[in-house]
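UniProt numbering puts the first residue of the sequence shown at 1, with every later residue one more than the last. Ideal Cβ placement from N, Cα and C applies to all residues, glycine included. Data first, discussion second: the structure below is written as structure tokens.
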Amino acid sequence: MRLNWTRAIALTVVCCTGSASAGQVSSNVTVLVVTDLGDITVAIDTEHAPHTAANFLRYVDADAYDGGQFHRTVTMQNQPNNDVRIEVIQASVNRGRSEDSFDPIQLERTPVTGLRHIDGAISMARGGPDTATSSFFFCIGNQPSLDFGGDRNPDGQGFAAFGHVVSGAEVIRQIQMQPADGQRLEPPIRIVSVARSSN
1 MRLNWTRAIA LTVVCCTGSA SAGQVSSNVT VLVVTDLGDI TVAIDTEHAP HTAANFLRYV
61 DADAYDGGQF HRTVTMQNQP NNDVRIEVIQ ASVNRGRSED SFDPIQLERT PVTGLRHIDG
121 AISMARGGPD TATSSFFFCI GNQPSLDFGG DRNPDGQGFA AFGHVVSGAE VIRQIQMQPA
181 DGQRLEPPIR IVSVARSSN
């Protein structure tokens, strides 16, 4: 029930859209992520990734991300020991809300959902195949190694993408380029709030 704050990003973000193109994702929930560097609007695909989307939204509805942070940035320059390199930023809930964490969810693999890790995708971090809880990522550029069969995670199961960025891609890239100690943002970028949007 408690969140694992030391998860590596190799078990991380998977961002993406649906089996259709980025502009055609069948998503009926929009979420607004407000950060100290700007706002990000995200379309959550509740049709193609229902379990992952529902898991993310229950944290949103519990205000668990309010006061959270983007704590990790992965660039082409800061992963010298990885043969398979990715570009993502990773976020976590407010650590004071760790007691509000929910049970891990089953991994919704990309061949089942039809969602891929393309530029602007959002996905859940994980350790083992069925261990994702609250930590999520945004993809910067296409990241096929995060799909099922990809080499970023040794188990080859990929990550569960469940939506895509509608606006705010420039904020994501700005967060990625902030000062960091290795992959740890120093200081982390505060998440002011994450909430469902009526727009």
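DSSP state of residue i mapped onto helix, strand, coil
| i | result |
| --- | --- |
| residue 90 | strand |
| residue 108 | coil |
| residue 172 | helix |
| residue 152 | coil |
| residue 197 | strand |
| residue 26 | Any reading at residue 26 is ruled out, since the residue's pLDDT is 45, under 50, leaving its predicted position unreliable. |
Residue environment, residue i, which counts as buried when at least 16 other CB atoms sit within 10 Å
| i | result |
| --- | --- |
| residue 72 | buried |
| residue 126 | buried |
| residue 194 | buried |
| residue 170 | exposed |
| residue 152 | buried |
| residue 143 | buried |
| residue 124 | buried |
| residue 36 | exposed |
| residue 28 | exposed |
| residue 145 | buried |
| residue 128 | exposed |
| residue 77 | exposed |
| residue 92 | buried |
| residue 150 | buried |
| residue 55 | buried |
| residue 156 | exposed |
| residue 24 | Summary for residue 24: the model assigns pLDDT 40, below 50, so the residue's position carries little reliability; its value from the coordinates is reported in the next sentence. The residue is exposed, with fewer than 16 neighbouring Cβ atoms inside 10 Å. |
| residue 119 | buried |
Bridge partners - residue i, DSSP secondary structure assignment
| i | result |
| --- | --- |
| residue 137 | 90 and 123 |
| residue 185 | 180 |
| residue 164 | 43 and 121 |
| residue 192 | Note: residue 192 sits in no beta bridge, so no partner. |
Does the structure place the region 105-114 close enough to the region 39-51 that three or more beta carbon pairs sit under 8 angstroms? yes
Can at least three beta-carbon pairs, one atom from the region 180-192 and one from the region 49-63, be found at a separation below 8 angstroms? no
Enumerate, from N- to C-terminal direction, the unbroken alpha helix (DSSP H) stretches of 4 or more residues contained entirely within the region 31-90. 50-61
Contact the region 122-139 vs the region 156-171: 3+ CB pairs below 8 angstroms: yes
Evaluate the contact criterion for the region 27-47 versus the region 102-112: three or more CB pairs, one atom per stretch, below 8 angstroms. no
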